[in-house]
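Enquirer: FYI, numbering that gives the first Met the number 0 numbers position 98 of the sequence shown as 97, with every residue one higher than the one before it. All C-beta atoms in this analysis are idealised placements derived from N, C-alpha and C, irrespective of residue type, glycine included. If you scroll down you'll find the structure; I have some questions about it.
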Amino acid sequence: MALAVAALGVAGCGDDDEGSNGSEASGDASGGGYGARVATGDEANARGSGGATTLRLSADPGGALEFDKTSLSAKAGKVTIVMKNPSSATAPHAVEIEGNGVEKGSAAVGPGGTASVSATLEPGEYEFYCPVGNHADAGMEGTLTVK
Ligand SMILES: [Cu+2]
């Protein structure tokens, strides 16, 4: 998705170039500046693309069976939870979203890995939890509120 947005940004920038047909070959030196401008446009586009929310979550770096957050909130639409399993953690973890007929989970990742899960969610209350072993019962769970 970020790639598609970046491509759009590049196409947009190209349009204001019509007048300068002379010095394409010697344009290399100014390439760096152009790149920086595209990156800025990319961020603006990502914010405006509407409806998609990415939430960041981390497993406890000390190895406890908990996430760093027990509540998350998002706008209705596509919601992605990106869960980091710190390299200092000791167990594999995953993240799953459940509620209102939705149940979607990520793959489990070991310490140092990152797992992500996406679902299209209607407004309501959902749970997120780690489906590995007894982790959810031990406390690796929380509430996701979608508005
Ligand atoms: Cu876990």
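Is residue 82 near ligand 1, judged by its Cβ being under 7 Å from some heavy atom?
Expert: Taking the first residue of the sequence shown as 1, we reach residue 82 at position 83. Answer for residue 82: no, Cβ out of range of ligand 1.
Enquirer: Is it the case that the Cβ atoms of residue 55 and residue 94 are separated by a distance below 8 Å?
Expert: Within the sequence shown, numbered from 1, the residue matching residue 55 stands at position 56. Within the sequence shown, numbered from 1, the residue matching residue 94 stands at position 95. Result no, Cβ atoms of residue 55 and residue 94 do not sit closer than 8 Å.
Enquirer: For ligand 3, I want to know if residue 131 counts as a neighbour, meaning its beta carbon is within less than 7 Å of at least one of the ligand's heavy atoms.
Expert: By its list of ligands, the structure shown excludes ligand 3, since it contains just ligand 1.
Enquirer: On the premise that residue 77 lies in contact with residue 50, defined as a C-beta separation below 8 Å, what is that separation, rounded to the nearest angstrom?
Expert: Within the sequence shown, residue 50 is the residue found at index 51, counting from 1. Within the sequence shown, residue 77 is the residue found at index 78, counting from 1. Yes, they are in contact, since the Cβ atoms of residue 50 and residue 77 sit about 6 Å apart, within 8 Å.
Enquirer: Alpha carbon to alpha carbon, how far is residue 141 from residue 102? Give it in angstroms, no decimals.
Expert: Taking the sequence shown and counting its residues from 1, the one referred to as residue 102 is at position 103. Taking the sequence shown and counting its residues from 1, the one referred to as residue 141 is at position 142. The alpha-carbon atoms of residue 102 and residue 141 are separated by roughly 15 Å.
Enquirer: Less than 7 Å separating the Cβ of residue 56 from some heavy atom of ligand 1?
Expert: Working through the sequence shown from its first residue, we reach residue 56 at position 57. In terms of side-chain proximity, the C-beta atom of residue 56 is found no nearer than 7 Å to any non-hydrogen atom of ligand 1.
Enquirer: Tell me which residue opens and which closes the alpha helix (DSSP H) that residue 107 is part of.
Expert: Mapped onto the sequence shown, residue 107 falls at position 108. Neither: residue 107 is in no alpha helix (DSSP H) and is coded neither H nor E.
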